[in-house]
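J.: Structure provided below as structure tokens; questions to follow.
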Amino acid sequence: MSNTPAASPYIMYGIKNCDTIKKARRYLEDNGVDYQFHDYRVDGISDALLSTLMDNIDWEILVNKRGTTWRKLTDDEKNAVIDANSAKKVLLAEPAMIKRPVLVSADNRYLVGFNADEYQNFIK
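Mapping to this note's numbering: the sequence shown position 64 is 236, numbers consecutive.
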């Protein structure tokens with residue numbers, strides 16, 4: 173018998189102090205959903221992980237253009253984000269610009285953002 177714990181059915185990616193992350197985590201905890209949390213600031217984001225996210229989620233959805241990190245970019249930096257490759261470079265350099273939360277199920281379904289109704293349908 174292995175001492176390795178079973179993998180959680182969900183992984184949430186984000187940043188711990190984000191208000192939307194706090195709401196999403198509270199929702200999962202209040203509903204008894206087992207999940208792992210991956211904090212970009214603590215755990216980082218690898219090229220491989222970002223590639224997997226971008227293979228499953230459109231880059232234009234992943235780039236959070238409403239956050240403070242995006243607003244701090246120069247106009248030239250913002251205008252340079254024109255495709256998946258340029259978005260990937262920016263997101264690797266500034267993981268806080270990845271829209272959050274990203275919730276991934278063990279069966280490789282992906283959900284971006286938090287809405288209680290969408291979470292309810294996603295975790296069924």
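Using N, Cα and C, we set each Cβ at its ideal position, and we do this for glycine too.
Within 7 Å: the Cβ of residue 198 and any heavy atom of the ligand ADP?
T.: Only the bare structure without any ligand can be found here, which leaves the ligand ADP out of the picture.
J.: CA-CA distance, residue 288 and residue 295?
T.: The sequence position of residue 288 within the sequence shown is 116, counting from 1. The sequence position of residue 295 within the sequence shown is 123, counting from 1. Their Cα atoms are separated by approximately 11 Å.
J.: Relative to the C-alpha of residue 191, which residue among 290, 285, 291 is closest?
T.: In the sequence shown, counting from the first residue as 1, residue 191 sits at position 19. Nearest of 290, 285, 291 to residue 191, Cα basis: 285.
J.: If you follow the beta strand (DSSP E) that residue 193 is in, where does it begin and where does it stop?
T.: Stepping through the sequence shown from its first residue, residue 193 is reached at position 21. First-last for residue 193: 191–202, but that is the alpha helix (DSSP H), not the beta strand (DSSP E).
J.: Do residue 264 and residue 202 come within 8 Å of each other at the CB atom, strictly closer than that value?
T.: The sequence position of residue 202 within the sequence shown is 30, counting from 1. The sequence position of residue 264 within the sequence shown is 92, counting from 1. Contact flag unset, no.
J.: Report the CB separation of residue 241 from residue 268 in whole angstroms; it is logged as a contact under 8 Å.
T.: Your numbering for residue 241 matches position 69 in the sequence shown. Your numbering for residue 268 matches position 96 in the sequence shown. That pair is a contact at about 5 Å.
J.: Buried or exposed: which applies to residue 193, given that a residue is buried once 16 or more other Cβ atoms fall within 10 Å of its Cβ?
T.: Looking up residue 193 in the sequence shown gives position 21. By the neighbour-count rule (16 or more Cβ atoms within 10 Å), residue 193 is buried.
J.: Distance check for residue 253 and residue 135, CA to CA, integer angstroms please.
T.: With the chain represented from 173 up to 296, any question about residue 135 goes unanswered, as that position is not in the structure.
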